[in-house]
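Student: In our numbering, the protein residues as written are 37 to 172. Every residue gets a Cβ at the ideal spot worked out from N, C-alpha and C, and that includes glycine. All values derive from a computational prediction rather than experimental measurement. Below: one structure in structure tokens.
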Amino acid sequence: MIKIYLSPSCSSCRKVKAWFQQQKIPFVEINILKHEITEEELKDMLMKSLDGTDDIISKRSKIIKEQNVDVDSMSVKELLDFVRKNPTVLKRPIIVDDSKIQVGYNQDEIEIFERAKKVAREACEECPIADCDHKF
């Protein structure tokens, strides 16, 4: 299942949601301001990212600047705790599925998630609900 970590006021987040809805690709929307992100979710993001914290954390965020935080000098545990307490340091949107991650909205790169549409369609064809009305 695709998860999109976002905040409601983010224009790139709205574009990503609209794209997934237009493509009829199922996703779970996770509002980082309301949902307490777990350590497991953050570890999953970091494991799938190519450049670790540089991919998912905005070092130019207000909190990092105001508190003079050096993300690179933190232990993994300190970093995870800091991000959980300050989720606005996350870049947005963050799109995660079982094997990959994409940060931000990029029209060309987001198309890698179209494969999810095919998987969802195949699962629906095997759906045990006789009157299944999923439309792809």
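Can you have a look at I148 and say buried or exposed, based on whether 16 or more other CB atoms are within 10 angstroms of its CB?
Tutor: Exposed is the call here.
Student: For the structure I just gave you, are there three or more beta carbon pairs, one from the segment 124-142 and one from the segment 71-86, closer than 8 Å?
Tutor: Touching, yes.
Student: Would L86 be called buried (16 or more neighbouring beta carbons within 10 Å of its own) or exposed?
Tutor: Exposed, by the Cβ-count rule.
Student: Inspect the beta-carbon positions of I40 and K53 and report whether they are closer than 8 Å.
Tutor: A contact, by the Cβ cut-off of 8 Å.
Student: Could you check what DSSP says for T115 in three-state terms: helix, strand or coil?
Tutor: Looking at the sequence shown, residue 115 is not Thr but Leu. Helix, per DSSP.
Student: Here's the rule I'm using: 16 or more other beta-carbon atoms within 10 Å means buried, otherwise exposed. How should L115 be labelled?
Tutor: Answer is buried; the Cβ neighbour count reaches 16.
Student: Look up Q138 in the DSSP assignment and say whether it is helix, strand or coil.
Tutor: The answer is strand: DSSP assigns Q138 an E or B state.
Student: When burial is assigned at 16 or more other CB atoms within 10 Å of the CB, is V139 buried or exposed?
Tutor: Counting Cβ neighbours within 10 Å, V139 comes out buried, since at least 16 surround it.
Student: Which stretch, first to last residue, makes up the alpha helix (DSSP H) that contains L42?
Tutor: Run containing L42: none in the alpha helix (DSSP H); it sits in the beta strand (DSSP E), I38 to L42.
Student: Exposed or buried, which one is V105 when buried takes at least 16 other CB atoms within 10 Å?
Tutor: Its Cβ being crowded by 16 or more others within 10 Å, V105 is buried.
Student: Is it true that the CB of D144 sits closer than 8 Å to the CB of K38?
Tutor: As written in the sequence, residue 38 is Ile, which differs from the Lys given in the question. No; because the gap between Cβ atoms is not below 8 Å, this pair is not in contact.
Student: Which partner residues does N104 have in the DSSP bridge list?
Tutor: The partner list for N104 (beta bridge, DSSP) is empty, contrary to what the question assumes.
Student: Just to confirm the assignment, what range does the alpha helix (DSSP H) spanning E145 have?
Tutor: From DSSP, the alpha helix (DSSP H) with E145 extends over Q143 to I146.
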